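Engineer: This is the structure I have questions about; it appears just below.
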Amino acid sequence: MTRSTPSLLIVLVMITSSMLGVVSWVPQPASALTFDVDTTEDLLGSGSNLAILDKMVVSDGSISLDTEVYEIDDTAWSDVNADGIVVDGQNLPKLDLASHWTTYPGYGNDGNFMHSAVWDRDNSQVLVYGGVHDASGSRFVHNDIWAYNPISQSWSQKQTVDRAKFLHSAVWADNFHMMIVWGGITVIGSDQYLLNETLIYYPANNSWTLAAPCPWGGKVLHTASWDSANNQMLVVGGTPDGTWANVTGELWAFRPGTNSWHRLPSLSSTHERGGAASFWDTQSEMLIVFGGRKGDNNPMSSVWSFKPSTNSWSQRGNAPVSRFFHSMGWDPIGNKGFSYGGLTATAMTSRLYEYSPLADTWRQMENAPDARYWSAFIWDSAHSLGLVFAGAAETGNPPLTSYNDVMTYRKDVPFVTEGWLTSPYFDVNGILSVGQLSWGPASQPTSCGPDAVRFQVASSSRQEVPSNFVGPDGTPSTYFTDPSGTDVGDHHFGAGRIAYRMYFQTDDDTITPSIDGVSLGVIRYSTKGTYTSPVYDLGQVRSTMDRITYRSQIPPDVNTNLVKVTVRIRTSQSSDMSGASSWETVDKDDSSINTPYGQFFQFEVIINTDSQGRHLTPTFSGISIEYNTPPVLTGGLIDKIDGYRSTWFTYTITYTDVDNDEPTMKNIYIDGVPNAMSSPDLDFTDGAAYSFSKLLSLGEHEFFFEFSDGKNTVRDPPVGVFTGPEILNRDPVPLI
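So the number in the numbering used here is just where the residue sits in the sequence shown, counting from 1, plus 168.
As structure tokens, this is what we get:
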């Protein structure tokens with residue numbers, strides 16, 4: 169690959185000033201204002217990846233180029249030695265190489281979604297009832313109930329009920345040893361009916377019975393949990409007609425002890441929702457409701473709790489994600505809730521989150537093998553298992569396919585001592601420079617041994633999948649081993665796609681190395697960029713710029729009309745640059761500057777490249793602005809207003825220069841003739857008094873003072889002259 173010589177641009181702005189007489193301002197010491205700008209080197213592209221400068225970013229008075237960092241996200245990892253290893257760029261868990269998930273077969277031959285599932289504590293089994301599956305465009309609603317044994321992974325069908333339904337809710341009533349099913353939709357012929365009936369299933373005798381219907385009608389898209397402290401089923405939200413526009417925040421309670429329904433305080437109108445999920449927190453004795461949506465298509469991230477002891481709702485901290493049509497369960501031993509799957513605003517998700525109501529904190533766990541919604545998540549407290557039953561396999565209205573399986577999540581799994589994880593490739597079309605690869609944490613347990621986590625990087629064109637994983641020296645036998653960051657180098661220069669791979673190894677088979685995050689930085693460029701400097705206060709009411717110089721090294725054999733650097737300047741009397749002068753383009757060495765006076769100064773650099781050729785982009789290396797604080801003249805006077813030809817007249821003035829510049833010109837002009845003044849004081853920062861004495865001829869006289877510090881000339885008065893003294897036409901009579 170051929171590279172051009174790096175270009176260099178240095179801009180130097182020389183600013184001088186002159187004062188409008190003696191004005192009421194405090195002089196500030198002169199200093200050179202230097203603005204360092206990041207230098208971008210070797211911006212050479214190849215093939216279809218042109219050398220282009222993209223999205224120039226201004227930060228802290230410097231130009232930097234748009235740096236893109238590729239981090240782990242919800243689709244970031246495909247595994248080789250383990251199943252379903254996925255971590256998230258926002259909430260990064262420790263990553264065990266062995267998977268926490270295992271998938272087992274479901275029941276029957278059909279998929280299922282919009283069903284219900286409860287944990288039967290009496291029999292350590294899951295009861296799955298109802299739901300729907302679609303095939304060939306026809307809807308099939310289930311009226312069967314199945315029991316699942318998590319240990320044997322076996323199914324047994326129980327007594328069916330005459331009522332087939334979906335979009336209902338179900339809870340396990342501990343003290344009553346029964347499952348309560350309420351609401352939902354049934355289909356009779358081609359018609360759908362919204363139900364308010366309450367069904368009871370008793371596993372002990374495998375029978376069904378009807379309980380009191382809800383007097384306020386039926387609902388769908390609601391959520392329900394069992395309040396074990398008060399022996400009641402709590403039903404939240406949902407819609408009475410199946411539309412999002414009419415979702416409610418109502419809270420109802422069914423109490424099987426009295427076979428009665430009761431209204432409880434509702435969520436406020438702004439927090440009404442359908443498609444939410446909930447669980448009962450046995451530790452704090454409260455209902456937790458998360459997610460859902462209202463009339464728009466925006467899922468919610470808000471979390472609310474209801475305490476029957478105070479009969480009141482409280483809003484908790486938002487979840488890190490927004491969801492609806494997800495499912496939740498409660499681990500009464502670990503005192504944690506879990507949220508699985510559901511829909512975002514645009515897609516299904518496979519993420520599993522753990523929620524601690526006591527700490528009000530969320531933590532992402534390992535993602536499930538499949539994304540789905542309208543599934544059922546159950547926590548098996550007897551065996552510390554999370555169980556996901558079936559669910560919709562695609563989005564649509566309604567979905568046409570669904571799963572028929574059980575995904576099992578285990579908190580504690582055996583560790584795998586070695587393996588690798590490969591990221592998906594990232595499309596980085598047009599990048600010209602790859603930055604650093606880094607990850608965290610910076611150390612591993614010492615028992616893992618050296619280089620427990622290592623990385624390699626691969627790149628390819630935009631038409632291929634990166635597969636040539638190499639280390640820092642570009643060979644497959646080396647690895648990136650420094651978590652704090654290592655330059656990737658030029659081995660992936662001009663790549664269209666890039667990927668990276670993590671290698672895990674441990675000498676201790678009881679632990680697996682872990683990471684918290686990975687990032688890979690690249691720099692992208694486009695055909696041109698503009699840098700506008702901040703506004704600089706020169707501390708002077710009136711400033712003039714005498715000269716501007718800068719250097720630019722442009723690659724040879726280029727079209728200079730396309731590959732160039734343009735520098736422009738402007739001034740204003742206002743710090744917000746209102747009423748600013750027009751931008752003036754300046755040459756590389758320009759002494760003919762027409763920009764008017766101004767206390768506030770700003771410059772602009774425009775960089776252009778040839779988008780049709782592979783040329784080096786001119787790069788901006790820095791700019792220096794030098795200006796001088798002019799001296800100040802005060803107290804100019806003459807000691808007498810009149811006298812005679814024999815009278816000595818003394819002129820005095822105070823010269824102040826905060827830079828402590830000694831005056832190179834220090835004249836009193838008497839009748840247009842300059843006379844050098846003198847002073848014994850060489851500290852000019854607090855004012856040095858200059859004087860000059862002279863005999864004058866007959867008549868009226870005039871004078872003014874003019875000093876210079878070598879860069880700026882000041883005058884007193886600013887314009888015109890002082891008049892006096894008057895010399896009388898006779899000498900005084902001698903005294904005898």
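Quick reminder that beta carbons are idealized off the backbone N, C-alpha and C, glycines included. All figures in this text were calculated on a predicted structure; none of them were measured in a lab.
Compare the beta carbon distance of R738 and Q767 with 8 Å and say whether it is the shorter of the two.
Structural biologist: Translated into the one-based positions of the sequence shown, residue 738 becomes position 570. Translated into the one-based positions of the sequence shown, residue 767 becomes position 599. No, the Cβ-Cβ distance between R738 and Q767 is not below 8 Å.
Engineer: What did DSSP end up calling N835 once you bin it into helix, strand or coil?
Structural biologist: Taking the first residue of the sequence shown as 1, we reach residue 835 at position 667. It is a strand residue.
Engineer: Using a Cβ-Cβ cutoff of less than 8 Å, which residues in the same chain neighbour V286 once the five nearest sequence positions on both sides are dropped?
Structural biologist: Looking up residue 286 in the sequence shown gives position 118. So the qualifying residues of the chain are V294, L295, A338, V339, W340, M347, I546.
Engineer: Please report the straight-line C-alpha distance between S759 and P798, rounded to a whole angstrom.
Structural biologist: Residue mapping note: residue 759 aligns to position 591 of the sequence shown, counting from 1. Residue mapping note: residue 798 aligns to position 630 of the sequence shown, counting from 1. One C-alpha to the other measures close to 20 Å.
Engineer: How would you label S507, buried or exposed, when you count the other beta carbons within 10 angstroms and need 16 or more for buried?
Structural biologist: Numbered from 1 along the sequence shown, position 339 holds the residue referred to as residue 507. S507 comes out buried.
Engineer: Check whether the Cβ atoms of N317 and R331 sit closer than 8 Å, and answer yes or no.
Structural biologist: Position 149 of the sequence shown holds residue 317. Position 163 of the sequence shown holds residue 331. Not a contact, by the Cβ cut-off of 8 Å.
Engineer: Verify whether the separation of the beta carbon atoms of A166 and S570 is less than 8 Å.
Structural biologist: Residue 166 is absent from the model: the chain starts at 169 and stops at 904.
Engineer: Provide the residue span of the beta strand (DSSP E) that contains L295, from first to last.
Structural biologist: If you number the sequence shown from 1, residue 295 lands on position 127. 293-297 is the extent of the beta strand (DSSP E) around L295.
Engineer: Under three-state DSSP, which class holds D342?
Structural biologist: The residue labelled residue 342 in the question sits at position 174 within the sequence shown. If DSSP states are grouped into helix, strand and coil, D342 belongs with the helices.
Engineer: Starting from G352, follow the beta strand (DSSP E) in both directions and report where the run begins and ends.
Structural biologist: Indexing the sequence shown from 1 puts residue 352 at position 184. Segment: none, G352 is in no beta strand (DSSP E) and carries neither H nor E.
Engineer: Residues in its own chain within less than 7 Å of D528 by CB, not counting five upstream and five downstream?
Structural biologist: Along the sequence shown, one-based indexing puts residue 528 at 360. Counting only Cβ-Cβ distances below 7 Å, and skipping sequence neighbours, we find R484, G485.
Engineer: DSSP beta-bridge partners for V887?
Structural biologist: Numbered from 1 along the sequence shown, position 719 holds the residue referred to as residue 887. The partner list for V887 (beta bridge, DSSP) is empty, contrary to what the question assumes.
Engineer: Express the C-alpha separation of G509 and G406 in angstroms, rounding to a whole number.
Structural biologist: Counted from its first residue, the sequence shown places residue 406 at position 238. Counted from its first residue, the sequence shown places residue 509 at position 341. The alpha-carbon atoms of G406 and G509 are separated by roughly 19 Å.
Engineer: Counting only the same chain and skipping the five closest in sequence on each side, list residues whose C-beta sits under 6 Å from that of D344.
Structural biologist: In the sequence shown, residue 344 corresponds to position 176, counting from 1. Correcting the residue type first, residue 344 is Phe in the shown sequence and not Asp. Once the five neighbours on either side are set aside, the close Cβ partners of F344 are P424.
Engineer: Am I right that S743 and V703 are in contact with their C-beta atoms under 8 Å? What's the rounded C-beta distance?
Structural biologist: In the sequence shown, the residue the question calls residue 743 occupies position 575. In the sequence shown, the residue the question calls residue 703 occupies position 535. Yes, they are in contact, since the Cβ atoms of S743 and V703 sit about 6 Å apart, within 8 Å.
Engineer: By Cβ distance, which residues of its chain are closer than 7 Å to M282, with the 5 residues on each side in sequence left out?
Structural biologist: Counting from one through the sequence shown, the residue named residue 282 turns up at place 114. The residues are G299, V300, F334, L335, W542.
Engineer: As a quick exercise: from G664, G888, E874, L435, pick the residue whose alpha carbon is nearest that of V457.
Structural biologist: Working through the sequence shown from its first residue, we reach residue 457 at position 289. Looking at the Cα atoms, L435 is the closest of the given residues.
Engineer: Apply the 10 Å Cβ neighbour rule to G385 and answer buried if 16 or more other Cβ atoms are within range, or exposed otherwise.
Structural biologist: Position 217 of the sequence shown holds residue 385. Result: exposed.
Engineer: Based on Cα-Cα distance, which residue from G502, V841, A413 lies nearest to P525?
Structural biologist: Position 357 of the sequence shown holds residue 525. Residue G502 is the option with its Cα nearest to P525.
Engineer: Which residues in the same chain as S284 place their Cβ atom closer than 8 Å to its Cβ, once the five residues preceding and following it in sequence are excluded?
Structural biologist: Translated into positions along the sequence shown, residue 284 becomes position 116. So the qualifying residues of the chain are V296, Y297, G298, G299, H336, S337, A338, V349, A544.
Engineer: Keeping to the same chain, check which residues put their C-beta closer than 7 Å to that of N762; ignore five residues upstream and five downstream.
Structural biologist: One-based indexing of the sequence shown puts residue 762 at position 594. Once the five neighbours on either side are set aside, the close Cβ partners of N762 are E752.
Engineer: Determine the burial state of L378: buried for a count of at least 16 other Cβ atoms within 10 Å of its Cβ, exposed for fewer.
Structural biologist: Taking the sequence shown and counting its residues from 1, one reaches residue 378 at position 210. Answer is exposed; the Cβ neighbour count stays below 16.
Engineer: Rounded to whole angstroms, how far is the Cβ of V826 from the Cβ of T853, which I believe are closer than 8 Å?
Structural biologist: Along the sequence shown, read from residue 1 onward, the residue named residue 826 stands at position 658. Along the sequence shown, read from residue 1 onward, the residue named residue 853 stands at position 685. 6 Å between Cβ atoms; contact.
Engineer: Are the CB atoms of F817 and L864 nearer to each other than 8 Å?
Structural biologist: Residue numbering aside, residue 817 sits at position 649 when the sequence shown is read from its first letter. Residue numbering aside, residue 864 sits at position 696 when the sequence shown is read from its first letter. Yes, the pair counts as a contact, with Cβ atoms nearer than the cut-off.
Engineer: Between which two residues does the beta strand (DSSP E) harbouring V471 extend?
Structural biologist: Here the question's residue 471 lines up with position 303 in the sequence shown. Residues 471-475.
Engineer: By a C-beta neighbour count over all protein chains shown, 10 Å radius and 16 as the cutoff for buried, is K834 buried or exposed?
Structural biologist: Counting from one through the sequence shown, the residue named residue 834 turns up at place 666. Burial call: buried.
Engineer: What whole-angstrom Cβ distance do R622 and Y647 have, given they're in contact under 8 Å?
Structural biologist: Within the sequence shown, residue 622 is the residue found at index 454, counting from 1. Within the sequence shown, residue 647 is the residue found at index 479, counting from 1. At roughly 4 Å, the Cβ-Cβ gap stays under 8 Å, so R622 and Y647 are in contact.
Engineer: So G867 is in the beta strand (DSSP E); what residue range does that whole segment cover?
Structural biologist: In the sequence shown, the residue the question calls residue 867 occupies position 699. It spans 867-876 - the beta strand (DSSP E) in which G867 sits, taken as one unbroken run.
Engineer: Using DSSP's beta-bridge definition, name the partner residues of E894.
Structural biologist: Residue mapping note: residue 894 aligns to position 726 of the sequence shown, counting from 1. Partner(s): D810, E868.
Engineer: If you measure between the beta carbons of Y812 and F875, is that distance less than 8 Å?
Structural biologist: Here residue 812 refers to the residue found at position 644 of the sequence shown. Here residue 875 refers to the residue found at position 707 of the sequence shown. The answer is no: Cβ separation not under 8 Å.
Engineer: Just the C-alpha distance for T207 and R736, rounded to the nearest angstrom, thanks.
Structural biologist: Translated into the one-based positions of the sequence shown, residue 207 becomes position 39. Translated into the one-based positions of the sequence shown, residue 736 becomes position 568. Model confidence at T207 stands at a pLDDT of 30, short of 50, so the residue's coordinates are unreliable; what they give is reported in the following sentence. Answer to the nearest angstrom: the Cα atoms are 20 Å apart.
Engineer: Skipping 5 residues on each side, what residues in its chain have a beta carbon closer than 7 Å to that of I838?
Structural biologist: Walking along the sequence shown from the start, residue 838 turns up at place 670. Closer than 7 Å at Cβ, skipping near neighbours: K862, H869, F871.
Engineer: Please classify H430: does DSSP put it in a helix, a strand, or coil?
Structural biologist: What you label residue 430 is simply residue 262 of the sequence shown in a count that begins at 1. Reduced to three states, the DSSP call for H430 is strand.
Engineer: By the 10 Å Cβ neighbour count, where 16 or more other Cβ atoms means buried, how is A620 classified, buried or exposed?
Structural biologist: Walking along the sequence shown from the start, residue 620 turns up at place 452. Burial call: buried.
Engineer: Please report the straight-line C-alpha distance between D395 and T271, rounded to a whole angstrom.
Structural biologist: Position 227 of the sequence shown, counted from the start, is the residue given in the question as residue 395. Position 103 of the sequence shown, counted from the start, is the residue given in the question as residue 271. Answer to the nearest angstrom: the Cα atoms are 31 Å apart.
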